[in-house]
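Visitor: Residue numbers (our numbering): 901 to 1013.
Glycine included, every Cβ here is placed at the ideal spot set by N, Cα and C.
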């Protein structure tokens, strides 16, 4: 079963584009672009392993979402993209986080067996 990653961004099409560009990774991508959708995804998908939030959301919204995610799923790491790398930095950021946070630990576990 593929690990699940929740992508949160300001615009739904941006999240879809990220997942499309990274479809070579063995990840099941979920997307959310507002608070109700984030809550729904967290409550209905227990296999979410990490959350990655884009930089397009304002600071207040990002802070609110961090609080909600931490309260609903204290087992999940939350990663925030920087703003300085711009929109073109989102795909490389997501790929780095997923490789290090989600895929590398799985490969270590498989290698140890």
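So, at 7 Å on beta carbons, what are the nonlocal neighbours of residue 983 in its own chain, with the 5 sequence-adjacent residues on each side left out?
Guide: Translated into the one-based positions of the chain shown, residue 983 becomes position 83. Excluding positions up to five away in sequence, the list reads 955.
Visitor: I need the straight-line Cα distance from residue 1004 to residue 904, nearest angstrom please.
Guide: Numbered from its first residue, the chain shown carries residue 1004 at position 104. Numbered from its first residue, the chain shown carries residue 904 at position 4. The straight-line gap from Cα to Cα measures roughly 14 Å.
Visitor: Can you check DSSP and say which residues form a bridge with residue 932?
Guide: The residue labelled residue 932 in the question sits at position 32 within the chain shown. In the DSSP output, where bridge partners are listed per residue, residue 932 has 908.
Visitor: Tell me, please, whether the region 946 to 955 touches the region 971 to 985 by the rule of three or more beta-carbon pairs shorter than 8 Å.
Guide: In short, these stretches touch, since the Cβ pair count reaches three.
Visitor: Please name the residue in 916, 929, 919 and 993 whose C-alpha comes closest to that of residue 902.
Guide: Reading the chain shown from its first residue, position 2 is the one you call residue 902. It is 929 whose Cα lies nearest to the Cα of residue 902.
Visitor: Of the choices 1006, 934, 996 and 919, whose alpha-carbon is the least far from that of residue 964?
Guide: Here residue 964 corresponds to residue number 64 of the chain shown, with the count starting at 1. Checking every option, the nearest Cα to that of residue 964 belongs to 934.
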